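*Asks:* Sharing a structure below in structure tokens format, with a few things to ask.
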Amino acid sequence: MKGIKILGLLAAASLLFSFSAYAQEDNNRDGNGKIVRGAYETNKAFDNTFIAVGAGINAVIVHAAPATWGNIGLATDINFGKWFTPAIGARIGWHGLWNESKYAFDLNGIDANTKFGFDYFHADFLWNISNTIGGYKETRFWNFVPYVTMGVLDVCSRRNIFAAGARHNFEYSAGVGLLNVARISSRLNATLDLQLLCGKSHAYTSESGRFIFYPSASVGLAYNFGKTNFDRHTSIVPAVIPVPFTTDEYNALKDKVAALEKENAELKDKAAALEKEAAPLRQLVNGQTYLYDNGTFTAVDVKPGAPITLYFDCGSAQLSAREKAHLEYFTSNVLDGDIKLKVDGYADKQTGSARRNQQLSEQRVKTVVGLLTKAGAKEENIETAAHGASVQLFDGAAKNRVVTIEVK
Numbered sequence: 105m106k107g108i109k110i111l112g113l114l115a116a117a118s119l120l121f122s123f124s125a126y127a128q129e130d131n132n133r134d135g136n137g138k139i140v141r142g143a144y145e146t147n148k149a150f151d152n153t154f155i156a157v158g159a160g161i162n163a164v165i166v167h168a169a170p171a172t173w174g175n176i177g178l179a180t181d182i183n184f185g186k187w188f189t190p191a192i193g194a195r196i197g198w199h200g201l202w203n204e205s206k207y208a209f210d211l212n213g214i215d216a217n218t219k220f221g222f223d224y225f226h227a228d229f230l231w232n233i234s235n236t237i238g239g240y241k242e243t244r245f246w247n248f249v250p251y252v253t254m255g256v257l258d259v260c261s262r263r264n265i266f267a268a269g270a271r272h273n274f275e276y277s278a279g280v281g282l283l284n285v286a287r288i289s290s291r292l293n294a295t296l297d298l299q300l301l302c303g304k305s306h307a308y309t310s311e312s313g314r315f316i317f318y319p320s321a322s323v324g325l326a327y328n329f330g331k332t333n334f335d336r337h338t339s340i341v342p343a344v345i346p347v348p349f350t351t352d353e354y355n356a357l358k359d360k361v362a363a364l365e366k367e368n369a370e371l372k373d374k375a376a377a378l379e380k381e382a383a384p385l386r387q388l389v390n391g392q393t394y395l396y397d398n399g400t401f402t403a404v405d406v407k408p409g410a411p412i413t414l415y416f417d418c419g420s421a422q423l424s425a426r427e428k429a430h431l432e433y434f435t436s437n438v439l440d441g442d443i444k445l446k447v448d449g450y451a452d453k454q455t456g457s458a459r460r461n462q463q464l465s466e467q468r469v470k471t472v473v474g475l476l477t478k479a480g481a482k483e484e485n486i487e488t489a490a491h492g493a494s495v496q497l498f499d500g501a502a503k504n505r506v507v508t509i510e511v512k
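Under our numbering, think of the first position of the sequence shown as 105, with each following residue one higher.
This is the structure in structure tokens:
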């Protein structure tokens with residue numbers, strides 16, 4: 105039981121240190137005291153990946169007599185993983201266990217202190233609870249990551265004395281763990297991995313119906329590849345920080361408000377005078393453009409000299425209410441049945457694959473053409489092109505999620 109106590113103390117110490125380090129964080133709050141979370145832009149496939157190695161100790165427990173099979177033994181780890189969001193990730197890896205039997209097993213002819221080992225090949229689902237509760241912060245020193253693990257234990261006779269009585273060469277196993285990640289730099293992290301693995305005993309002895317537990321603790325290093333952080337969408341509204349006022353500041357603002365009210369009254373008087381001056385022009389057709397010369401108004405047709413731009417949200421092919429209003433203004437003032445248009449669609453290259461960006465630009469063009477034809481444009485007079493992310497008109501990801509309309 106000495107090994108179990110040591111592993112238990114390591115688990116308790118990691119929990120205490122995790123919460124202590126978390127308490128020293130600013131919890132990633134904005135000026136209003138609210139935790140800042142996503143949404144986050146999608147990173148490339150190779151970004152936020154890592155490889156980790158570690159070594160430590162393990163113990164072996166069976167749930168029926170004899171109470172324990174193992175002393176303190178060696179545990180080793182090699183893992184490769186990826187963070188899909190600041191809170192959710194996954195990894196695959198190999199977990200090696202070496203130990204020696206504490207008791208003799210007459211049934212299998214095994215003496216006490218006989219060395220044995222297992223290979224555990226696994227896949228794990230990771231949950232960064234620090235980023236979930238406290239909000240994502242790239243420079244946080246300590247991240248607390250519980251996980252579940254599933255895989256197979258290799259019971260080959262090459263390293264395992266129990267394989268002689270095994271019913272299978274491989275045994276399905278599962279467990280839980282606590283991965284503690286301490287930041288050294290943007291590329292390098294130190295890790296403390298605490299794991300409790302469970303398997304069926306009939307894979308290792310001729311007896312069945314029992315479970316074997318493998319608690320282990322290992323320390324190591326993890327190296328991060330590609331982009332190591334996550335970026336929030338630029339559409340996130342910045343926090344408004346309330347500012348307390350002194351009496352003098354309040355009085356100064358009060359005087360400024362009074363001055364603005366006076367200025368507003370004067371502007372109303374000017375507006376009334378301009379309204380009176382513009383009265384003779386009210387017979388002019390609303391929305392028509394005129395040239396004025398010596399008291400005479402002449403109606404003219406004006407076409408826009410530059411393309412109209414309509415912006416889309418990240419990953420979307422639907423226009424917001426604001427962008428629809430821009431398009432409606434264009435169709436009501438410029439569009440007629442015989443006008444010829446050119447519609448081009450784009451996507452930003454910072455997010456998504458090339459194939460997805462091409463599809464997204466085509467969908468955006470289709471959305472705009474549908475609204476134009478609905479407003480009266482003839483489809484045969486509309487030339488279209490979807491460029492995906494091959495052409496970037498502007499600087500910045502948000503500006504390139506766009507469709508342009510040009511009068512030919």
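Glycine is no exception: its CB is placed at the ideal position from the N, C-alpha and C atoms.
None of the values given here were measured: they were computed from a predicted structure.
How many whole angstroms separate the CB atoms of T455 and A501, which I take to be in contact at a CB cut-off of 8 Å?
*Replies:* Right, the Cβ-Cβ distance comes to about 7 Å (below 8 Å), so this counts as a contact.
*Asks:* Whose C-beta lies closer than 6 Å to the C-beta of F329 among residues of the same chain, with five residues either side of it excluded?
*Replies:* Answer for F329: T153, listed in chain order.
*Asks:* Leaving out five residues before and five after V323 in sequence, what residues of the same chain have Cβ atoms less than 8 Å from its Cβ?
*Replies:* Closer than 8 Å at Cβ, skipping near neighbours: G158, A159, G160, A294, T295, L296, D297.
*Asks:* When you compare each of Q462, K512, G449, N437 to G480 by their alpha carbons, which one comes out closest?
*Replies:* Answer by Cα proximity: N437.
*Asks:* Would you kindly check if the distance between the Cβ of D452 and the Cβ of A493 is under 8 Å?
*Replies:* Yes, they are a contact pair.
*Asks:* Taking C-alpha atoms, which residue in G281, Y354, K304 lies nearest to S320?
*Replies:* Residue G281 is the option with its Cα nearest to S320.
*Asks:* Alpha carbon to alpha carbon, how far is L378 from L371?
*Replies:* For L378 and L371, the distance between alpha carbons rounds to 10 Å.
*Asks:* At the level of alpha carbons, what is the spacing between E466 and F317?
*Replies:* E466 and F317: Cα-Cα distance of roughly 55 Å.
*Asks:* Locate the beta strand (DSSP E) running through K453, then write down its first and last residues.
*Replies:* Per DSSP, K453 belongs to no beta strand (DSSP E) and is neither H nor E.
*Asks:* By the three-class DSSP mapping on this structure, what secondary structure does A143 have?
*Replies:* Coil.
*Asks:* Report the rounded CA-to-CA distance for D442 versus E483, giving the unit in angstroms.
*Replies:* Whole-angstrom Cα-Cα distance: 10 Å.
*Asks:* So K434 and I486 are supposed to be a Cβ contact under 8 Å. How far apart are they, rounded?
*Replies:* Here the sequence assigns Phe to residue 434, which means Lys is not the residue at that position. 13 Å between Cβ atoms; not a contact.
*Asks:* From the DSSP output, which residues share a beta bridge with L560?
*Replies:* Residue 560 is absent from the model: the chain starts at 105 and stops at 512.
*Asks:* State the Cα-Cα distance for the pair A382 and A429, rounded to the nearest angstrom.
*Replies:* Going by the C-alpha atoms only, they are around 27 Å apart.
*Asks:* Can you list, in chain order, the stretches of the beta strand (DSSP E) that have 3 or more residues and sit fully within the segment 446 to 508?
*Replies:* Runs of the beta strand (DSSP E) inside the segment 446 to 508: 486 to 490.
*Asks:* For L364, count the other beta carbons within 10 Å of its own beta carbon; 16 or more makes it buried, fewer makes it exposed. Which is it?
*Replies:* L364 comes out exposed.
*Asks:* For R505 and K148, I'd like the C-alpha separation in whole angstroms.
*Replies:* Spanning the two alpha carbons is a distance of roughly 18 Å.
*Asks:* Buried or exposed: which applies to K374, given that a residue is buried once 16 or more other Cβ atoms fall within 10 Å of its Cβ?
*Replies:* With fewer than 16 other Cβ atoms within 10 Å, it is exposed.
*Asks:* Is it buried or exposed, Y327, if we count other Cβ atoms within 10 angstroms and call 16 or more buried?
*Replies:* It is exposed - the Cβ of Y327 has fewer than 16 other Cβ atoms within 10 Å.
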